[in-house]
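There are 2 protein chains.
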Amino acid sequence: MIKSVLRKLEHHHLLSTAETQALAEAIARPRYVKPHEDLVSRGDSPGRVTLLLDGFATRYKTLEDGRRQILGLLVPGDFCDLHSAVLGRMDHSIATVSPATVATMRADVVEQLSTRHSSLAHALLWCTLIDDAITREWVVNLGRRTAYERTAHFFCEIHARLAAVGLSRGSSCRLPLTQTELGETLGISTVHVNRTLQELRRKGLVTIRGGELTIHDHDQLMADALFDPDYLYALGQKHPPTRNAANG
Amino acid sequence: MIKSVLRKLEHHHLLSTAETQALAEAIARPRYVKPHEDLVSRGDSPGRVTLLLDGFATRYKTLEDGRRQILGLLVPGDFCDLHSAVLGRMDHSIATVSPATVATMRADVVEQLSTRHSSLAHALLWCTLIDDAITREWVVNLGRRTAYERTAHFFCEIHARLAAVGLSRGSSCRLPLTQTELGETLGISTVHVNRTLQELRRKGLVTIRGGELTIHDHDQLMADALFDPDYLYALGQKHPPTRNAANG
DNA sequence: TAGAAAATCTAACACATGTTTGTGAATGCA
DNA sequence: TGCATTCACAAACATGTGTTAGATTTTCTA
């Protein structure tokens, strides 16, 4: 279960056995969380860092009048709130969307480990910065792409990210979001999500059913989305340069 | 000139004289840059970290077909590409919008300083995380706010951020963006920017002229924008708790 | 397994925003 | 000082997306 996290951290570069062990020890015993439950809420000062081991979660913010925007989709292996260890409190909330398994680590322990193991610190920072790169791409998505392009782009991204942690089966992967949640992610209304999904289906590019996303024509989807996986920093590749020849 | 940076770093908590001195020494002699010139381009692996000392700059990305989205506005005191030191290359470009003064530091020197001076490392990380919080709020802005609300929100944010580095005069501050650039920031067309600015003016909330932004009714503007400065983490306050009583 | 609740899907209509095109004013450059 | 360029502003029209409301289907749960 902890594998998904290690796999992600090692995308960056390999950790020593001492490091992975220290990390594994710091991780509290996994906890099961029901769908649609807050893991951390805006304003919290958790003092613990939460790690998503299984299932899906969203970062989100709600405006005074109830409008909700999803800021990011968290997939297994993602850290939920590393930044809160430095900033002290959460400026947004995080909620599960599916049944999930999470583990936590004490923030001060993470800090200690980071000072002791510089490449662990580096790996954690790397995770945070990839998240930022993804958020920036979402800004492009919301600002400059049409609803259709946005949706296509989102599907490309999710498939790539899940593939990176070994959670895709060929052209399929899980994506347990309702059309309402998709709308809150893509900045469009639920009704328009429905229209858009129909168009993607009609063109034979994508079907989504029962929380399962299937991409039928990856090339065309990427083209329609103006998708360039550059910003994922080879998250989709097995192991970047630092890994030596004997790749597994 | 270096003051703007220090002032920002010290929002977080005070640096020792040794630290500020080490930082000052690492900063190469300032360089003047013309408006609308790239400071770093997408794909670059700069090896140096750039610091904006004076003037304005934008992070931006361009889609294959030419559509451009501004991902962030950089104001004096902001780091342009701290993350590139870890990620290795830029996933977006940074360009000046006004005449600007910048300085650079070698990435490896920054890394060295960070390991030697932990509270400097902390301060730099803090800057990065604030940037992320701002980017997340931009996602909300683009995804859930109307053109009018977005524009109002953007003006609130810029004024708060400039006030934080001592670059506002009462209800006014510089904002040298053309209506086209505002559109690329707010995810709307140039024509619609014009319409929106007129509405803000008609309501007596804001005027923008000759690169100068003036807010006539701050309360109403914040209300219309659904602006909550929370996400700026008290960037707008002089000095947070860690600073002792004798505040300047 | 029935009933309730949630999610998908449709349709009609409203409207915010985009597009195109053009004018006049401001700005920069030779 | 004049010319070219950029910028702000305007009007008419096109359209993508939002809204409201309701019918169907699926999923949950008692």
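Chains as they are written, first to last, in our numbering: chain A, 1127 to 1374; chain B, 1127 to 1374.
Ideal Cβ placement from N, Cα and C applies to all residues, glycine included.
In terms of DSSP beta bridges, what is residue i paired with?
| i | result |
| --- | --- |
| residue 1205 (chain A) | A:1177 |
| residue 1332 (chain A) | A:1341 |
| residue 1231 (chain B) | B:1175 |
| residue 1159 (chain A) | A:1226 |
Under the assumption that residue i contacts residue j (Cβ atoms under 8 Å), give the Cβ distance between them as a whole number of angstroms.
| i | j | result |
| --- | --- | --- |
| residue 1197 (chain A) | residue 1241 (chain A) | In fact, because the Cβ distance is near 29 Å, the residues do not count as touching under 8 Å. |
| residue 1269 (chain A) | residue 1195 (chain B) | 4 Å |
| residue 1179 (chain A) | residue 1130 (chain A) | 6 Å |
| residue 1282 (chain A) | residue 1351 (chain A) | 5 Å |
| residue 1342 (chain B) | residue 1332 (chain B) | 7 Å |
| residue 1354 (chain B) | residue 1258 (chain A) | No, residue 1354 (chain B) and residue 1258 (chain A) are not in contact; Cβ-Cβ is about 21 Å, not under 8 Å. |
| residue 1162 (chain B) | residue 1187 (chain B) | Their Cβ separation, rounded to whole angstroms, is 16 Å, which puts residue 1162 (chain B) and residue 1187 (chain B) out of contact at 8 Å. |
What's the call for residue i, buried or exposed, on a 16-neighbour Cβ count within 10 Å?
| i | result |
| --- | --- |
| residue 1359 (chain A) | buried |
| residue 1374 (chain A) | Low local confidence applies: a pLDDT of 21 at residue 1374 (chain A) is under 50, so the model's placement there is unreliable, and no value is given. |
| residue 1267 (chain A) | buried |
| residue 1357 (chain A) | buried |
| residue 1371 (chain A) | Note that residue 1371 (chain A) scores 29 on pLDDT, short of 50, meaning its location in the model is unreliable and no value can be drawn from it. |
| residue 1169 (chain A) | exposed |
| residue 1203 (chain B) | buried |
| residue 1276 (chain A) | buried |
| residue 1151 (chain A) | exposed |
| residue 1084 (chain B) | An answer regarding residue 1084 (chain B) cannot be provided, because it is not within the stretch 1127 to 1374 covered by chain B. |
| residue 1294 (chain A) | buried |
| residue 1154 (chain B) | exposed |
| residue 1271 (chain A) | buried |
| residue 1247 (chain B) | buried |
| residue 1338 (chain B) | exposed |
| residue 1311 (chain B) | buried |
| residue 1290 (chain A) | buried |
| residue 1349 (chain B) | exposed |
| residue 1368 (chain A) | Because the pLDDT at residue 1368 (chain A) is just 33, under 50, the model does not fix this residue reliably, and the value given afterwards should be weighed accordingly. By the neighbour-count rule (16 or more Cβ atoms within 10 Å), residue 1368 (chain A) is not buried but exposed. |
| residue 1143 (chain B) | exposed |
If you check the beta carbons only, do residue i and residue j fall under 7 Å apart?
| i | j | result |
| --- | --- | --- |
| residue 1278 (chain A) | residue 1361 (chain A) | no |
| residue 1159 (chain B) | residue 1264 (chain A) | no |
| residue 1208 (chain B) | residue 1184 (chain B) | no |
| residue 1233 (chain A) | residue 1249 (chain A) | no |
| residue 1171 (chain B) | residue 1215 (chain B) | yes |
| residue 1176 (chain A) | residue 1189 (chain A) | no |
| residue 1288 (chain A) | residue 1201 (chain A) | yes |
| residue 1284 (chain A) | residue 1301 (chain A) | yes |
| residue 1322 (chain B) | residue 1274 (chain B) | yes |
| residue 1148 (chain A) | residue 1239 (chain A) | yes |
| residue 1181 (chain A) | residue 1226 (chain A) | yes |
| residue 1305 (chain B) | residue 1316 (chain B) | yes |
For residue i, which three-state DSSP category applies?
| i | result |
| --- | --- |
| residue 1383 (chain A) | A question about residue 1383 (chain A) goes unanswered here, because the residues of chain A that appear run from 1127 up to 1374. |
| residue 1352 (chain A) | coil |
| residue 1186 (chain A) | strand |
| residue 1167 (chain A) | coil |
| residue 1364 (chain B) | Note that residue 1364 (chain B) scores 46 on pLDDT, short of 50, meaning its location in the model is unreliable and no value can be drawn from it. |
| residue 1197 (chain B) | strand |
| residue 1222 (chain A) | strand |
| residue 1140 (chain B) | coil |
| residue 1369 (chain A) | With a pLDDT of only 31 at residue 1369 (chain A), under the threshold of 50, the placement of this residue in the model should not be trusted, and no figure is reported. |
| residue 1215 (chain B) | coil |
| residue 1315 (chain B) | coil |
| residue 1210 (chain B) | helix |
| residue 1374 (chain B) | Note that residue 1374 (chain B) has pLDDT 21, beneath the 50 cutoff, so the model's placement of it is unreliable and the number below is only indicative. If DSSP states are grouped into helix, strand and coil, residue 1374 (chain B) belongs with coil. |
| residue 1298 (chain B) | strand |
| residue 1287 (chain A) | helix |
| residue 1131 (chain B) | helix |
| residue 1268 (chain B) | helix |
| residue 1279 (chain A) | helix |
| residue 1357 (chain B) | helix |
| residue 1327 (chain B) | helix |
| residue 1256 (chain A) | helix |
| residue 1145 (chain B) | helix |
| residue 1251 (chain A) | helix |
| residue 1293 (chain A) | coil |
| residue 1192 (chain A) | coil |
| residue 1304 (chain B) | coil |
| residue 1152 (chain A) | helix |
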